[in-house]
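To get my numbering, take the position in the sequence shown, counting from 1, and add 3.
Working notes, structure below.
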Amino acid sequence: MKTPDLTQTQQWLSTVLMVRGDLPQKLNTAANPHGLTLHDCVKSSKTLGAMRRVDIYAAGYVMRLVECLRGEFALLCQFMGDEVFDTFAKAFIVTLPSESWTLHQLGSRFADFLANTKPTGDFNAHQQTMFSLPSELAKFERAKALALLKPGPEAQQSTAAINEIELLCGVAENFVMSVPESVQLIQTDYPLLPLITQLEQAKPYTLPTPEQTYIAISRQQYRIKMSVLNDWQADLLLHLREKPLRYQEAITYCAKRMNMETQVLRSQLAVWLPSAINRGLFTLQKA
């Protein structure tokens, strides 16, 4: 057979690296599309045969990706232990190989993979929590990574400095509220923040009890902030992330959506908004 072209070689090597099975099985799978054999694509040397060279490269490739996942999901790795984490990471890499050229996208589906592969059955509360927390922690750490990657409030015009009294007096009625791209909102089945603090401090951790929780991960001056939100706060943040609104319009919208009295919501928002702005959750600017 003639020497394979670059595209054929890339496809062959990609298959060898990513499909399931031992090396002979991988090589058989890779040979099917173009009839390429190992020796068509890889030369032996005096010190290493072609089979051994590919084996070393394939193992090193997967371990490099595992290392990247360890970096992004450091708390999850600590929670699961290195050996268990690596097992799931390798299975994820082979099952859902990344289709992006950037490693920033490598872990984008890891939380879903863990959720879809967790054991199911009649487990006690402790077992159920241990099986459920890995995907929850992965969801949190992925959101944290995105909060660092996305454009944040640092690149926007200065947010108007405003306090609770000014908000209650109507100073900001025509100001525009928006949410920076860096803000990530996740809904979890457990209150994760106490567990996360314990893991970050390498302290013995206490398993949380199930409770639906909204966690917002934001960035202010390139520092990550984490906030637990109630229902109306989460609903407002989600809507403003899609479409900025004037302050008065935001109050009217949220009050209607959450079936709250407008004046009650106005008072609660006036108390919360200054601190939320300081945490990078919102920007408030003159129209």
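Note that beta-carbon positions come from the ideal geometry of N, C-alpha and C, so glycine has one too.
Source: prediction; values computed, not measured.
Taking the CA atoms as reference points, Trp235 sits about 11 Å from Tyr256.
With fewer than 16 other Cβ atoms from the protein chains shown falling within 10 Å of its own Cβ, Cys172 counts as exposed. Nearest Cα to Gln288 within the set Ala175, Gln223 and Met229: Ala175. When Cβ pairs closer than 8 Å are counted between the two stretches, the segment 257-264 is seen not to touch the segment 181-200, the count staying below three. The beta strand (DSSP E) runs lying completely inside the segment 189-240 and spanning 3 residues or more are 216-223 and 226-232, given in chain order. Distance from the Cα of Ala237 is smallest, within the candidate group Lys228, Ala219, Ser270 and Val57, for Ala219. For Thr212 against Gln201, the beta-carbon gap comes to about 15 Å, at or over 8 Å, which does not count as contact. Of the candidates Tyr193, Thr191, Arg56 and Ala128, Arg56 places its Cα closest to the Cα of Leu20. Approximately 11 Å separates the beta-carbon atoms of Phe88 and Phe113; this is outside 8 Å, ruling out the contact.
In the displayed model, Ser135 falls within a helix according to three-state DSSP. Note on the segment 59-94: there is no whole beta strand (DSSP E) run with a minimum of 3 residues. Approximately 12 Å separates the beta-carbon atoms of Phe76 and Glu139; this is outside 8 Å, ruling out the contact. Excluding five sequence positions before and after Gln14, none of the CB atoms of its chain fall closer than 6 Å to its own CB. By the neighbour-count criterion, in which 16 or more other beta carbons inside 10 Å mark a residue as buried, Trp275 falls on the buried side. Within 10 angstroms of the beta-carbon of Pro137 lie 16 or more other beta-carbons, which makes it buried.
Here Leu170 has Ala273 as same chain residues with Cβ atoms under 6 Å from its own Cβ, once five neighbours each way along the sequence are excluded. A contact between stretches requires three or more CB pairs, one per stretch, nearer than 8 Å, and the segment 144-155 meets this requirement with the segment 180-194. Annotation: Val22 to Ser48 spans about 26 Å, alpha carbon to alpha carbon. Distance from the CA atom of Asp115 to the CA atom of Thr50, rounded to whole angstroms, is 43 Å. Residues Gln190, Thr191 and Asp192 of the same chain have their beta carbon placed closer than 8 Å to that of Gln215, with the five preceding and five following residues left out of the count. From the listed residues Pro183, Gly63, Leu78 and Leu241, the smallest Cα separation to Arg222 is found for Pro183. Thr286 is bridged by DSSP to Ser181.
Secondary structure at Gln14: helix, using DSSP grouped into helix, strand and coil. The distance from the Cβ of Leu240 to that of Leu232 is about 7 Å, consistent with a contact at the 8 Å cut-off.
Contact between Gln159 and Thr12 fails: their C-beta atoms lie close to 46 Å from each other, not under 8 Å. Residue state for Arg112 is assigned as coil, using DSSP reduced to three classes. Using a Cβ-Cβ distance cut-off of 8 Å, the segment 224-231 and the segment 90-105 are not in contact, since fewer than three pairs of beta carbons, one from each stretch, lie closer than that value. For Gln130, the secondary structure class from DSSP, reduced to helix, strand or coil, is helix. For Glu245 and Met180, the gap between their C-alpha atoms comes out near 11 Å.
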